[in-house]
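Here the sequence shown stands for residues 25 to 94, where the numbers follow the working numbering. Ideal Cβ positions, reconstructed from N, Cα and C, are used throughout, including at glycine.
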Amino acid sequence: MPGLLIRKEIAMALKIFEDCVACGACEPVCPNQAISEGDPFYVIDPEKCTECVGFHDEPQCVSVCPVDCI
């Protein structure tokens, strides 16, 4: 059908846990600006996060997190 738009829902697996020390390393490496400062720790917007698919081989936030809380 012309003009038909189908949206596929994909569950995002990434989440920042309470072990986060709010160092800020993850926010600037996100290619989708999906990470923002929350209270008391950073949060990932599931609407924006693609787990870096199409940008990198692995999620960049995971690779830079010094306390492995993502």
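In whole angstroms, what separates the C-alpha of residue i from that of residue j?
i     : j     : result
Ala46 : Glu61 : 8 Å
Glu75 : Glu42 : 19 Å
Pro52 : Pro64 : 18 Å
Ala49 : His80 : 17 Å
In the DSSP assignment, what residue or residues form a beta bridge with residue i?
i     : result
Ile68 : Ile59
Counting only the same chain and skipping the five closest in sequence on each side, list residues whose C-beta sits under 8 Å from that of residue i.
i     : result
Leu38 : Ile68, Cys73, Glu75, Pro83, Cys85, Val86 and Ile94
Tyr66 : Ile40, Cys44, Ala46, Gly48, Cys50, Glu51, Ile59 and Ser60
Val88 : Ala49, Cys50 and Val53
Could you confirm whether any beta carbon from chain B is found closer than 9 Å to the beta carbon of residue i?
i     : result
Ala49 : The structure shown contains no chain B, having only a single protein chain.
Return the chain-ordered list of same chain residues with a C-beta closer than 7 Å to the C-beta of residue i, the five sequence neighbours on each side being excluded.
i     : result
Cys54 : Gln84 and Cys85
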